[in-house]
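Numbering (this note's numbering), first residue to last: 102 to 288.
The C-beta atom is built at its ideal place from N, Cα and C for all residues, glycine as well.
Bear in mind the structure is a predicted one, so any value in this text is a computation, not a measurement.
Below you'll find the structure, written out as structure tokens, and then a few comments.
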Amino acid sequence: GDVQPLAPVVVEVDHRETAEYYPNEAFDTFLPSGEVARVDGYGCGDVTVGGTRQISAPADLVLSAGRSVVIIADQIVLRARDAVDVSTAVGAVRVKGEKDVQILGGNSGRGGVSIESRGLASAEDPDATVGGVVIKSAAAGVSVLAGGIYLRTGGADLAAGDIVLDAGERRVDVVATAATAYVASGL
């Protein structure tokens with residue numbers, strides 16, 4: 102919540118008048134080295150030291166712009182104690198790594214990673230930028246490693262559809278290894 106102000110102290114100004122005084126401090130400091138510090142009575146600060154600027158607030162820090170907020174740096178670190186939300190009301194969210202992109206869920210031993218698409222367009226729809234969920238690796242393999250793997254279409258709130266394995270447009274093999282293989286159809 103908000104930082105609550107200290108209770109005011111009543112101070113006698115003169116024999117005719119008293120005034121409420123809040124016993125906190127706000128200041129602007131300009132140091133001989135060119136460094137600047139601005140702090141308010143609630144603990145918000147804007148400090149510049151040696152080419153570094155630190156903006157801090159004990160409650161919330163809000164950046165608001167009618168158009169763009171641009172952050173350019175050698176490295177950007179976003180860290181929160183509770184949650185990080187990235188969303189857009191109209192457009193797309195894009196994440197790009199010139200080398201690796203790593204996503205980790207359940208680091209504490211609980212939880213996981215959920216990827217969901219609510220779009221109605223098909224992956225084959227030429228008018229769709231992307232439809233459904235597409236995982237593409239044109240020059241390397243895609244590996245799925247798990248304690249168990251289950252593929253299903255249809256049922257509950259899922260549309261029914263085929264499961265198709267296409268190996269090189271029928272030019273290469275599909276290889277399966279198992280102790281026993283079961284195939285059931287027409288159930």
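Check, Outcome
"Proximity below 8 Å, CB of Y123 to CB of G142", "yes"
"For E270, the three-state DSSP class (helix, strand or coil)", "helix"
"Separation of K200 from L266, as counted between CA atoms", "29 Å"
"Cross-strand partners of D129 (DSSP beta bridge)", "R139"
"Continuous beta strand (DSSP E) stretch holding R154: start and end", "T153 to S157"
"Within 8 Å, strictly: CB atoms of F131 and V137", "yes"
"For P109 and E121, believed in contact at Cβ under 8 Å, the rounded distance", "4 Å"
"Inter-residue spacing [alpha-carbon to alpha-carbon] between V148 and I172", "19 Å"
"Residue(s) in a DSSP beta bridge with Y122", "V110"
"Residues of its chain near I264, where Cβ-Cβ distance is below 7 Å and the 5 sequence neighbours each way are ignored", "L252 and T254"
"Given L107 as reference, the closest of N125, E113, D115 and V114 once Cα atoms are compared", "N125"
"Span of the beta strand (DSSP E), counted from its first residue to its last, around D147", "G146 to V150"
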